[in-house]
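Peer 1: All residue numbers for the sequence shown refer to numbering that gives the first Met the number 0, where the first residue is 0 and numbers rise by one. The beta-carbon is built from N, C-alpha and C at its ideal position, and this holds for glycine as well.
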Amino acid sequence: MPSFASPLRVEKVVGKCAGVLFGETERADPLLDLHGGEHTYAMVPEAKLDGGIPQGEGWFVVNARDSRWLHNELGAYCPFEGKDDAAFEQLGINLNVLPPGMPMAMYHEEPGQEGFLVLRGECLLIVEGQERPLKAWDFVHCPPRTKHVILGASESPALVLAVGARKGGASYPVDETAVRLGAGVDKEVASPKEAYARFSPVEEGPAPEL
0 MPSFASPLRV
10 EKVVGKCAGV
20 LFGETERADP
30 LLDLHGGEHT
40 YAMVPEAKLD
50 GGIPQGEGWF
60 VVNARDSRWL
70 HNELGAYCPF
80 EGKDDAAFEQ
90 LGINLNVLPP
100 GMPMAMYHEE
110 PGQEGFLVLR
120 GECLLIVEGQ
130 ERPLKAWDFV
140 HCPPRTKHVI
150 LGASESPALV
160 LAVGARKGGA
170 SYPVDETAVR
180 LGAGVDKEVA
190 SPKEAYARFS
200 PVEEGPAPEL
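#1: Please state whether DSSP places Val60 in a helix, a strand or coil.
#2: Just reading off the beta strand (DSSP E) that Ala194 is part of, what are its end residues?
#3: Give the straight-line distance between the Cα atoms of Arg197 and Ala41, rounded to the nearest whole angstrom.
#4: First and last residue of the beta strand (DSSP E) that includes Ala213?
#5: Report the rounded CA-to-CA distance for Val126 versus Leu90, giving the unit in angstroms.
#6: Could you tell me the distance, in whole angstroms, from the CA atom of Ile92 to the CA atom of Pro78?
#7: How would you call Lys146, buried or exposed, if buried means at least 16 neighbouring beta carbons within 10 angstroms?
#8: At what residue ranges does the stretch 59-94 contain a whole run of the beta strand (DSSP E), taking only runs of 3 or more?
#9: Could you check which residue in Met101, Trp136, Pro44 and Ser153 has the C-alpha nearest to that of Phe115?
#10: Using 8 Å as the cut-off, can you tell me whether the stretch 65-84 makes contact with the stretch 118-134, which would need three or more C-beta pairs spanning the two stretches below that distance?
#11: Considering only residues of the same chain and omitting the five flanking positions on each side of Phe87, which have a CB-CB separation below 7 Å?
#12: Can you name the start and end residues of the beta strand (DSSP E) that Pro212 belongs to?
#13: Looking only at its chain, what residues have a beta carbon closer than 8 Å to the beta carbon of Glu218, apart from the 5 residues adjacent to it on each side?
#14: Starting from Val139, trace the beta strand (DSSP E) both ways and give me its first and last residue.
#15: Near Ser170, which residues of its chain fall below 8 Å by C-beta distance, leaving aside the five closest residues on each side in sequence?
#16: Rounded to whole angstroms, what's the CA-CA distance from Pro132 to Pro44? Just pull it up for me.
#17: Do you know whose CA, among Glu56, Ile52 and Trp58, lies nearest Arg64's CA?
#18: Out of Pro143, Arg144, Ala161 and Pro142, which one is the CA nearest neighbour of Leu150?
Here is the structure:
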C-alpha cells in the first residue's frame, strides 16, 4: 500500500470470535498445537516501544499521537510499524493527514486488497479514471489491481485511515485526471523511487493535529 511510499479471514483482523459470529467454518489456527487432544496456544510476547515505535515482533498498544509520524509536502502519515522484525508482515495500516489538494500517493494499482476510511474532512477519489467525492465516514474498497488515488479536498487537512494487504509491489499507470491534479505520473513506472522522485524525502516530526 504505497503511501507517501494472502486473503485474510475476519478473525485475523478483529479476532477469531468474529468469524464464528458471522457463521464462518472453524479452521485450524497456525499458532495452535494439538497435544493429546488438548489445545496448547503459543504465547505472543508484547513488543517493546521506543518513542512510540515497536522494536520487535509482538503485540502492542500505542496512541497515534505518540507514534512515529513522517512528513513532506504531501502531508503527514503514521505507519505504526517499526523496521525489520517490527515491520507488519501481512497488513500495512496507516493514518494520513492530507492538506488541501495533496494526494496520499501517486495513482497506482497493486496486487493486494486495499481499504480507506475518511475520518475527517473531505477528499477526492480517482478510481479507474472516475472522480468520486468523499466525506467523513465514507469507506472505499479497492480489490486487487484497482487503479486509484485519494486527494485532500477540504479547506483544512483531511484525515484518512488506510489499510492494505502486502502482496507485492505497486505499478503506476498514467491517468489524465490524476496527472492534471498532480496525483499521477506522466509516464508509466513500476517503482516507488521513480513515481515519487519529484517529492522531498520524508522526515520524522511531531504528530499533526488529530
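Peer 2: The short version:
#1: In the three-state DSSP reduction, Val60 falls in the coil class, being neither helix nor strand.
#2: For Ala194, there is no enclosing beta strand (DSSP E); the enclosing alpha helix (DSSP H) has its first and last residue at Pro191 to Ala194.
#3: Going from the Cα of Arg197 to the Cα of Ala41 covers about 46 Å.
#4: In this structure the chain extends from 0 to 209, so residue 213 is not present and cannot be described.
#5: As the crow flies, the alpha-carbon of Val126 is around 21 Å from that of Leu90.
#6: One C-alpha to the other measures close to 6 Å.
#7: Of the residues assessed, Lys146 falls on the buried side of the cut-off, its CB having 16 or more other CB atoms within 10 angstroms.
#8: Counting only runs of 3+ residues, the beta strand (DSSP E) found wholly inside the stretch 59-94 occupies 68-71 and 74-77, in chain order.
#9: Comparing Cα positions, the closest option is Trp136.
#10: No contact exists between the stretch 65-84 and the stretch 118-134.
#11: Only Glu80 meet the Cβ criterion.
#12: For residue 212 there is no data in the structure shown, the boundaries of the chain being 0 and 209.
#13: Outside the shown range of the chain, which is 0 to 209, sits residue 218, and nothing can be said about it.
#14: Phe138 to Cys141 is the span of the beta strand (DSSP E), which, as asked, contains Val139.
#15: Cβ neighbours of Ser170 beyond the five flanking positions: His107, Glu108, Glu109, Glu187, Val188 and Ala189.
#16: The straight-line gap from Cα to Cα measures roughly 42 Å.
#17: Measuring from the Cα of Arg64, the nearest candidate turns out to be Ile52.
#18: Here the closest residue by C-alpha is Ala161.
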